[in-house]
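Chemist: Here the sequence shown stands for residues 16 to 350, numbered as in the working numbering. Right, I'll just put the structure down here and ask away after.
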Amino acid sequence: MSGALEHRPRRRMDLEEYLQGVMTGDRTILSRAITLVESTLASDKQVAGRLMERLMPYTGNSIRIGITGAPGVGKSTFIDGLGGLMTAAGHKVAVLAVDPSSQETKGSILGDKTRMQALSQNPAAYIRPSPSKGMLGGIGATTRESSLLCEAAGFDRILVETVGVGQSEVSVKEMVDFFVLLTMPGAGDELQGIKKGIMEMADLVVINKADGERLHAARIAQQEVVNALHLFPPKRSGWTPRVCACSSKDAKGLDQVLLVLDEFTRQIVVSGFMESNRSEQRVHWLMQQLQYLLERHFFEHAEVRREMSQVREQVRQGQVSSIAAANRLMELFLK
Ligand SMILES: Nc1nc2c(ncn2[C@@H]2O[C@H](COP(=O)(O)OP(=O)(O)OP(=O)(O)O)[C@@H](O)[C@H]2O)c(=O)[nH]1
Ligand SMILES: [Mg+2]
């Protein structure tokens, strides 16, 4: 059925078709539903909103896992291996790759598919690159909805890959249960600065590429990270972060990662953190959504749009202060 749909010119699907398709796990329709929630067209937004509303009761039955790390550290290869183990254990795996560079380098989406070679051929897996930069609402604004769609489609392991270079991992942290930081031997300087902030968020740090001549360095790196983690305050979840070493390329050590994930899940389900964390995340999502809507309505407001370029010019020339100008535009909006 999916093939037939793909080759026909795209006709608009109605809400019931989206619903049916997603709920029966039809991948083509799932993909179109994700495209729908990513759309910035007002008419699409409306259908997307109703679709999400109807599907919400069928979401939540998954473990959401965020995977971050510097470019090239091996995230996709890691997910390829880990996802394979998950499907072998009977799970259905959805991978959402949030790629901050995909706006500029269109090639990286293709790159990700090829780097997840096994998983992209796996009938129990679904891989979807997500736009991020340049999207209204910012990184991850639609990734959350995409992951809910995947849950409604029956995927019970959601893996979100994001490059740890800025804000994206913070947004991803806000939508997952379990947060993994991938690093590699010789990346010792990563313990400084921004990486430290990311490491503090991690439930698990994986030293990847622990193979070949990097094996020894991997052991050292592992100890360094263990030491670094001791310096952070205890987590709200009560979970003590772990450090694993693995070779995604040789599929070594990935089973250990799954064991840690299982232990983590058991612990946060029992303690109630899983539920309370998801509740907090829903509130966070509400606030994000409000910000997005306010911003959109503001910049689409007819009067604001009419005045905007002139006001910008006045500010540029130094005739009006930025604050006074912002206040004036806000008055127009609120009138
Ligand atoms: N030796 C070794 N190489 C690895 C391992 N995992 C990944 N690589 C290699 O590292 C390179 C980058 O791997 P990717 O999986 O694409 O890394 P990534 O973090 O997803 O990269 P971006 O998505 O571009 O940020 C590829 O050439 C992989 O073959 C590993 O465990 N050992
Ligand atoms: Mg990748």
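Built from N, CA and C at the ideal position, the CB exists for glycine as well.
Would you decide whether S145 is buried or exposed? Buried here means 16 or more other CB atoms lie within 10 Å of its CB.
Modeler: Here residue 145 refers to the residue found at position 130 of the sequence shown. S145 comes out buried.
Chemist: Can you tell which of L34, V37, T50 and M38 has its C-alpha closest to the C-alpha of R25?
Modeler: In the sequence shown, counting from the first residue as 1, residue 25 sits at position 10. Nearest of L34, V37, T50 and M38 to R25, Cα basis: T50.
Chemist: For a minimum of 4 consecutive residues, which ranges assigned as the alpha helix (DSSP H) are wholly contained in the stretch 156 to 201?
Modeler: If we require 4 residues or more, the alpha helix (DSSP H) runs fully inside the stretch 156 to 201 come out as 158 to 167 and 183 to 188.
Chemist: Looking at C-alpha atoms only, which residue of L273, M131 and E215 is the closest neighbour of P256?
Modeler: Reading the sequence shown from its first residue, position 241 is the one you call residue 256. P256 has its Cα closest to that of E215, out of L273, M131 and E215.
Chemist: For V220, does the three-state DSSP call read helix, strand or coil?
Modeler: Within the sequence shown, residue 220 is the residue found at index 205, counting from 1. Strand.
Chemist: When you compare the CB positions of A139 and T74, do they come within less than 8 angstroms of one another, or not?
Modeler: Taking the sequence shown and counting its residues from 1, the one referred to as residue 139 is at position 124. Taking the sequence shown and counting its residues from 1, the one referred to as residue 74 is at position 59. No, the pair does not count as a contact, with Cβ atoms beyond the cut-off.
Chemist: So T50 is in the alpha helix (DSSP H); what residue range does that whole segment cover?
Modeler: Within the sequence shown, residue 50 is the residue found at index 35, counting from 1. Residues R42 to E53.
Chemist: Could you tell me the distance, in whole angstroms, from the CA atom of D95 to the CA atom of Q238?
Modeler: Position 80 of the sequence shown holds residue 95. Position 223 of the sequence shown holds residue 238. Straight-line Cα distance between these residues: approximately 26 angstroms.
Chemist: Applying the criterion that 16 or more other CB atoms from any shown protein chain within 10 Å of the CB defines a buried residue, is A236 buried or exposed?
Modeler: As a first step, residue 236 is located in the sequence shown; it is residue number 221 there, counting from the start. A236 comes out buried.
Chemist: Please report the straight-line C-alpha distance between Q132 and E346, rounded to a whole angstrom.
Modeler: Mapped onto the sequence shown, residue 132 falls at position 117. Mapped onto the sequence shown, residue 346 falls at position 331. The straight-line gap from Cα to Cα measures roughly 54 angstroms.
Chemist: What does DSSP give as the partner residue(s) for I78 in the beta ladder?
Modeler: Position 63 of the sequence shown, counted from the start, is the residue given in the question as residue 78. Paired residue(s): R172.
Chemist: Just checking my contact of V113 with T198 at CB under 8 angstroms: how many whole Å lie between their CB atoms?
Modeler: For this step, residue 113 is matched to residue 98 along the sequence shown. For this step, residue 198 is matched to residue 183 along the sequence shown. About 19 angstroms; that fails the 8 angstroms criterion.
Chemist: When you compare the CB positions of L219 and V275, do they come within less than 8 angstroms of one another, or not?
Modeler: Within the sequence shown, numbered from 1, the residue matching residue 219 stands at position 204. Within the sequence shown, numbered from 1, the residue matching residue 275 stands at position 260. Yes, the Cβ-Cβ distance between L219 and V275 is below 8 angstroms.
Chemist: May I have the straight-line CA-CA distance separating V240 from V258, to the nearest angstrom?
Modeler: Taking the first residue of the sequence shown as position 1, residue 240 is located at position 225. Taking the first residue of the sequence shown as position 1, residue 258 is located at position 243. Approximately 7 angstroms between the Cα atoms of the pair.
Chemist: Can you round the beta-carbon distance between L174 and V108 to whole angstroms, since I take them to be within the 8 angstroms contact cut?
Modeler: Translated into positions along the sequence shown, residue 174 becomes position 159. Translated into positions along the sequence shown, residue 108 becomes position 93. Confirmed, about 6 angstroms.
Chemist: DSSP state of R321, grouped into three classes?
Modeler: Counted from its first residue, the sequence shown places residue 321 at position 306. Residue state, collapsed to three classes: helix.
Chemist: Can you check the stretch 224 to 290 for any beta strand (DSSP E) of at least 3 residues that lies completely inside it and give the ranges in chain order?
Modeler: 257 to 260, all fully within the stretch 224 to 290.
Chemist: Below 7 angstroms, is the gap between the Cβ of R130 and the nearest heavy atom of ligand 2?
Modeler: In the sequence shown, residue 130 corresponds to position 115, counting from 1. Correct: R130 has its Cβ closer than 7 angstroms to ligand 2.
Chemist: Helix, strand or coil: which one does DSSP assign to T83?
Modeler: Within the sequence shown, numbered from 1, the residue matching residue 83 stands at position 68. Three-state DSSP puts T83 in a strand.
Chemist: When DSSP builds the beta bridges, which residues end up paired with L111?
Modeler: As a first step, residue 111 must be located in the sequence shown, where it is residue number 96. DSSP lists R143 and V175 as partners of L111.
Chemist: So is V178 in contact with chain B if we call contact Cβ pairs under 8 angstroms?
Modeler: Annotation note: the requested chain B is absent from the structure, which comprises a single protein chain.
Chemist: Nearest to G81 by CA position, among R159, L45, K224 and D59, is which residue?
Modeler: As a first step, residue 81 is located in the sequence shown; it is residue number 66 there, counting from the start. With distances taken between Cα atoms, G81 lies closest to R159.
Chemist: Does the beta-carbon of K211 have 16 or more other beta-carbons within 10 angstroms, so that it is buried, or is it exposed?
Modeler: Indexing the sequence shown from 1 puts residue 211 at position 196. The residue is exposed, with fewer than 16 neighbouring Cβ atoms inside 10 Å.
Chemist: For the putative contact between L134 and G99, defined by C-beta atoms under 8 angstroms, what is the C-beta separation to the nearest angstrom?
Modeler: Taking the sequence shown and counting its residues from 1, the one referred to as residue 134 is at position 119. Taking the sequence shown and counting its residues from 1, the one referred to as residue 99 is at position 84. That belief holds up - the Cβ atoms of L134 and G99 are roughly 6 angstroms apart, short of 8 angstroms.
Chemist: Inspect the beta-carbon positions of P200 and I222 and report whether they are closer than 8 angstroms.
Modeler: Here residue 200 refers to the residue found at position 185 of the sequence shown. Here residue 222 refers to the residue found at position 207 of the sequence shown. Against a cut-off of 8 angstroms, the Cβ pair of I222 and P200 comes out as a contact.
Chemist: In or out: K350 buried (at least 16 other Cβ within 10 Å) or exposed?
Modeler: Walking along the sequence shown from the start, residue 350 turns up at place 335. The residue in question, K350, is exposed, as its Cβ has fewer than 16 Cβ neighbours within 10 Å.
Chemist: Taking the straight line between their C-alpha atoms, what separation do you get for E31 and L66?
Modeler: Taking the first residue of the sequence shown as 1, we reach residue 31 at position 16. Taking the first residue of the sequence shown as 1, we reach residue 66 at position 51. Distance between the alpha carbons of E31 and L66: 9 angstroms.
Chemist: Buried or exposed: which applies to R143, given that a residue is buried once 16 or more other Cβ atoms fall within 10 Å of its Cβ?
Modeler: Your numbering for residue 143 matches position 128 in the sequence shown. It is buried - the Cβ of R143 has at least 16 other Cβ atoms within 10 Å.
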